[in-house]
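**Q** Here it is, the structure in full.
Residue numbers (this note's numbering): 9 to 85.
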């Protein structure tokens with residue numbers, strides 16, 4: 009009987025270790041309200057607004073440059 013439990017333990021151990029080693033995805037969702045397309049420096053270099061953290065995220069990650077609204081007024085929030 010103990011051999012059965014040891015075999016079961018040996019077979020299930022890699023599954024437990026594999027699921028523990030999995031890391032969650034690194035996703036940051038940012039939603040701004042009342043900000044124009046050209047206000048962050050990452051989209052327009054001569055912008056007078058200082059957005060260093062947003063610019064760093066844009067250079068290290070992904071920028072979205074094309075957005076559409078299904079309504080006549082564009083209100084994300």
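C-beta atoms are modelled at their ideal positions from N, C-alpha and C, and glycine is treated no differently.
1) Measure how close the beta-carbons of residue 65 and residue 36 come, nearest whole angstrom, since I'm counting them as under 8 angstroms.
2) Could you check where the alpha helix (DSSP H) with residue 66 kicks off and where it finishes?
3) Use the C-beta contact count for residue 32: other C-beta atoms within 10 angstroms, 16 or more gives buried, fewer gives exposed.
4) Could you say which of 68, 42 and 16 lies nearest to residue 50 if we only look at CA atoms?
**A** According to the structure shown:
1) 7 angstroms
2) 60-68
3) exposed
4) 68
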